[in-house]
Amino acid sequence: MRARIKTKVIASVAVIVSLALLASGVIAYSYFNKILKKQIMKDESIQLSQTAGQLRYFQNDLRNMAYNILVDPGIQSRMKTIYSSDLYERLNGQVEMSTYLNQFLLLKNGIESIVLVGKDGQAFSTNRLLNDYYTKTLQEEWYRNHEERNVHSGFSEVHHLKRGQETTDIVSYINWYNPVLDAQSNLRELIIHVNLAYITEAISVEREEGYDAYYLLDADNRTIMGNGSGIDEVSYDLPLHDLAQSTVFQKESRKQLITINGMMWDGWKLVTAKPKSAIQRDINSIMYIFILITVVTLIIILLALTPLIHNITRPISKLTTAMKEASMGRLHATVAIRSGDEIELLGEGFNRMLHELQNYISQSIADEKIKQKLQFDLLLSQINPHFIYNTLNTVIYMAQLEGNKDIVQMVSAFIRLLQESVLITETDYQCTVKEEIESVRHYLTIQKFRYPDRFEVRWQIDDVLLEQVIPRTILQPLIENALFHGIISKPEPGTITVRMEMDPNYLYILVEDDGVGIDQEAVDRFEQSLIEQDVSGHMRPIGLANVRDRLRSFYGPAAVMHIVRMPIVGTQIKITIPLTQSPGYYTK
Amino acid sequence: MTKRLRPIIAVWLTLALAVVMLAACVGNGEGNKTGAASDSGNEPSQTAGAETATSSESSEAAEKMPEDYKGTITLWGWDANYYDISFKEFQKTYPNVKLEVTNVTAGDYVQKIQTTIASGGVLPDLLVGESGFRAKAFEIDIWENLENAPYNFDKSSVFDYLLPLTSNSKGEIVGIEQTLTPAAMAYRRDLAKNYLGTDDPKQLEALFPTWEELIKKGKELKEKDGIYLFASLGDVYTFLSGQTETPFYDGATVNVTGRMKDILEKVVEVRDSGIVDKLEMWTPAWNASYAAGKHLFYPAANWSTQYVIKTNDKDGEGRWGLMQPPGGPFTWGGTTFGISKESKNKELAWLFIKWLLLTKEGASISKDLGFYVPLKSVYEDPNFASSPDPFFAGQDIGAFWIDDVVPNIGTLKISQYDSVINDAANLSIILLNSDRKVMAADALDKLLKEVKAKLPDVEVK
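Chain order of the listed sequences is A and B.
To convert, count from 1 in the first sequence and add 654; that's my numbering.
To convert, count from 1 in the second sequence and add 94; that's my numbering.
Set out below in structure tokens:
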């Protein structure tokens, strides 16, 4: 089966649109891929900076708190009391110091304890009962390590405080007391123990899944907090030691995107390693959106286009259908196309073409019918003329033997009449006026025997007209009509006048009778049958209508035939034949 | 889809239930009230209280299903284990109530309240009042009076001796005790068996009937076996100050001498007999002494078994016992639940307090945690308190606390000055502990000076 135009259009539109979308998608994707990757790296860095900012804020908060404590006069006065010579004073001083330090502690979350260390290494903390314990912790490695760093203030590595049964992970902020402030002061340093869990929590709120590693490192790159399987190249190539403060470093390894943020204080660094596969996953998710958009767009375009294309192709289908019908012979088929474009014109043209075709065919059929009828009539008048001729000759011979002149005369006339009829062939439809008159005279001879003394024929024809050519056998039916419908119908004898006149263009033939006359209705019907051929009716087949039809066949509308009712009695039949036109079968 | 449907279904079910219950209300009329009241346990005020006053409330209670209580209660406290376990049980009945705990230790509590108020911060819905600071905390005007509507707490439903301990100076009940805090003496069964020949509490009580007897026996033990009776002078003071019935504040003057003179003299007497180690109470060293096996006796309240003894002597199953101390039992510690005046969840907070401390259901959950709710009626069942504990070699410590200790606790009135005086007194004891040459008179002298300095507005003698 042939592809329909609609299918073709839709298919080609679909192909073009999807190719175009695909191409733009591929270009857009490859373009966005780069941007997205950059953006993700930037996001990563920003995210880390935010976390770092939080930590820095926390660090600053701690430092400020430490400064406040160190310069607090209440602390200094209690420090003196603690080192009083009186035991009760000392004990009381410790109690009050704890209560006093507690005020600072209560204002902050995440602080395990605040410890003041005297010059003798004795610790005084927010919890007096643990003072001895805190003193002992100053022998631990974390504290010695910090001492070795030899900084005025800073954070220790992660260590544990074990109070009673529970062990807590701690990062300590240690700030030396500057003796310049008060040389007499017994204070050596301040330690703020921070709950590691609090820092971890602050970070993990910000932290998403999907990291290979997430570390918080201290000044000596020891892990304060960290998890994950590890960083590919942390052992080399990363500027962990000489990372300037307030810097962010980003590096792509083969499998990971490593980000280091050194924006925190005291050499703290946040290090993350995000697997590239995770980044690619993020990007891919956008690619899926691209594909989805492309597919959806395609579907929408096709959904929108299909009815549009259908609207355009429907008139064409209509036209095709109508053509098929027309080719099967149904010429009345028309198409109604209101598309307002070339196809509408095409449809109208088609309709017009069909209509003309239909007219032509019906005209041809009508002409064919006339032709057939004429031939039929002629055949009728030729029924075996030789047999009749021979028979009639025998009749003449027998009448001569009998001596009946009338019979001889009448049959002789009849034979002449027949002979003329026999002469008529398909090609010889014409004769001269003289021949026609001769033929009519034979006819009249016969009728005179039938109706003796009933009628008289007058000929008023100029001799110059005798050689004019007219269609054969047009006078005889007119005279027959005048005789049988005009004169014979009334009791008195009548006269038939045949006249012929001529001007340069036309030959006029007039046949008048003074018979009963024709009624108006018959005249009207005859006039109408100029348009519509009337085979039946009041006239015989080879009669007036026959004459009229033959005239029309020969001359077309140039020849005219009228029936006129005469003023008093009788009927006149008037025929006008053009002379300029040589007679022959006329076709429109 | 289902997620969206669920609340709709819940709402319809609730409506349907409400309609059914309303119908029941109309049908039963007055009779339904007892049914609603039984929901709140044996609280007499609901059943015996004025019918007219409670009728609207009980019909409201009948309409509100446990699921209808929704919200988050905030709480400051230190006893995470207790809150966790009890609240999980509470949520089985009230699934849509949540608890949010902020860890604040007892030592910091009053300071935390004060700094919060000063900084314009928000106090939690539920406040707690530990015996050491509650008298001071109760004087801050942040506590709801629980005798008022809508709480309508009935004083007569709890043990009488608790009433002065749970009210402020105006006599308003502002807290409900989480547990009775009967206190007696814990002892090391292995040491007792070894050096005294018996670990039976009754026989030991017979061996140590008075402090005099105790000092005598203690000296023998120390000299013969090198065993101290006590780890800290603070332990001795805990007994003695618990056993006194003389309040610090009689409503007009702070009578430090009247209360402390005898106690300090007794403390020094015990100290000088050499039966007390030099550890300081609550320090890591003191905690460690439980497992060390060098000290025979410790003061112990019901909460001590869980929070002190079992914690400090993890491998000590079967080697501890409880007995009456010389001088009789006392009450030690204790924490109340109270409701903050500015709370927006007072209804939920009270719902939890009432359920945990004033119903039979809450009582049995508390008991599993070693807590004995203050509601008298639950102990009408003689078997309720019973709880033999393998850690204490099968001794029925529940029965010991409720049957042997609680009935013998005397009442002691507390005052807003108590925590200041107690702090100073504790310091005196530490002084006596640290410097064994200091005498009772010196200590009292310093104590008086300290209290006078801390309380300049009251007459101190």
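The beta-carbon is built from N, C-alpha and C at its ideal position, and this holds for glycine as well.
In chain A, which residues lie less than 8 Å from residue i when you measure between Cβ atoms?
i	result
P393 of chain B	The premise fails here: P393 of chain B is roughly 17 Å from chain A at the closest Cβ pair, so nothing lies under 8 Å.
L373 of chain B	By Cβ distance, chain A contributes nothing, its closest Cβ being about 11 Å from L373 of chain B, past 8 Å.
K206 of chain B	L760
Determine the extent of the alpha helix (DSSP H) in which residue i is found, giving its start and end residues.
i	result
Q1226 of chain A	First-last for Q1226 of chain A: 1225-1232, but that is the beta strand (DSSP E), not the alpha helix (DSSP H).
H964 of chain A	930-981
H800 of chain A	795-803
E743 of chain A	741-760
Y1097 of chain A	1087-1104
Q185 of chain B	174-187
A537 of chain B	534-548
Taking C-beta pairs closer than 7 Å, name the residues in chain B that residue i reaches, listed in chain order.
i	result
Y742 of chain A	L525, K540
Y787 of chain A	P378
Using the Cβ count rule (16 or more neighbours within 10 Å means buried), how would you classify residue i?
i	result
R732 of chain A	buried
W170 of chain B	buried
I765 of chain A	buried
N439 of chain B	buried
F232 of chain B	buried
T1225 of chain A	buried
M1154 of chain A	buried
E855 of chain A	exposed
Q1263 of chain A	The structure shown does not extend to residue 1263 of chain A, since chain A spans only 655 to 1242, so no value can be given for it.
T292 of chain B	exposed
F181 of chain B	buried
N756 of chain A	buried
Q418 of chain B	buried
D1203 of chain A	buried
K1007 of chain A	The identity of residue 1007 of chain A in the sequence shown is Met, whereas the question assumes Lys. So M1007 of chain A ends up on the exposed side.
G215 of chain B	exposed
Strictly under 8 Å for the Cβ-Cβ distance: is residue i near chain A by that measure?
i	result
D407 of chain B	no
T377 of chain B	yes
D512 of chain B	no
S528 of chain B	yes
D202 of chain B	yes
Among the options, which has the Cα closest to the Cα of residue i?
i	options	result
I846 of chain A	A:S739, A:S858, A:R798, A:F809	A:F809
N262 of chain B	B:D517, B:G223, B:D539, B:R353	B:G223
L1098 of chain A	A:M695, A:N1135, A:D1178, A:R842	A:N1135
E840 of chain A	A:G880, A:G921, A:T735, A:Y754	A quick correction: the sequence has Asn, not Glu, at residue 840 of chain A. Selected option, being the one with the closest Cα: A:T735.
S672 of chain A	A:N722, A:T951, A:W796, A:P929	A:T951
I1024 of chain A	A:L675, A:L745, A:A1199, A:E698	A:A1199
N714 of chain A	A:T1230, A:W922, A:N1044	A:W922
L716 of chain A	A:G775, A:D740, A:G747, A:S807	A:S807
F302 of chain B	B:N288, B:D284, B:L323, B:K318	B:L323
V989 of chain A	A:I970, A:G983, A:Y685, A:D995	A:I970
P727 of chain A	A:Q708, A:R710, A:N746, A:M751	A:M751
Is there at least one Cβ from chain B nearer than 8 Å to residue i's Cβ?
i	result
L962 of chain A	no
Y890 of chain A	Low confidence applies to Y890 of chain A: its pLDDT is 44, below 50, so where it sits in the model is not reliable enough to give any reading.
R817 of chain A	yes
L850 of chain A	no
L783 of chain A	yes
Taking residue i as part of the beta strand (DSSP E), name the residues at either end of that continuous run.
i	result
R817 of chain A	807-817
Q208 of chain B	Element bounds for Q208 of chain B: not the beta strand (DSSP E) but the alpha helix (DSSP H), 203-212.
S826 of chain A	820-830
V671 of chain A	Taken as a continuous stretch (DSSP letters only), V671 of chain A belongs to no beta strand (DSSP E), being part of the alpha helix (DSSP H) at 659-725.
D644 of chain A	Missing from the structure shown is residue 644 of chain A; chain A here goes from 655 to 1242 and no further.
L1132 of chain A	It is not in any beta strand (DSSP E) - L1132 of chain A instead sits in the alpha helix (DSSP H) that spans 1129-1135.
Y610 of chain A	Absent from the structure is residue 610 of chain A, since the part of chain A shown begins at 655 and ends at 1242.
For a contact meaning CB atoms closer than 8 Å, what does residue i contact in chain B?
i	result
Q757 of chain A	Q205, T209
V749 of chain A	D517, L521
N746 of chain A	L521, E544
Identify the contact partners of residue i in chain A, using a Cβ-Cβ distance below 9 Å as the criterion.
i	result
D329 of chain B	The contacting residues do not exist; D329 of chain B stays about 14 Å from chain A at best.
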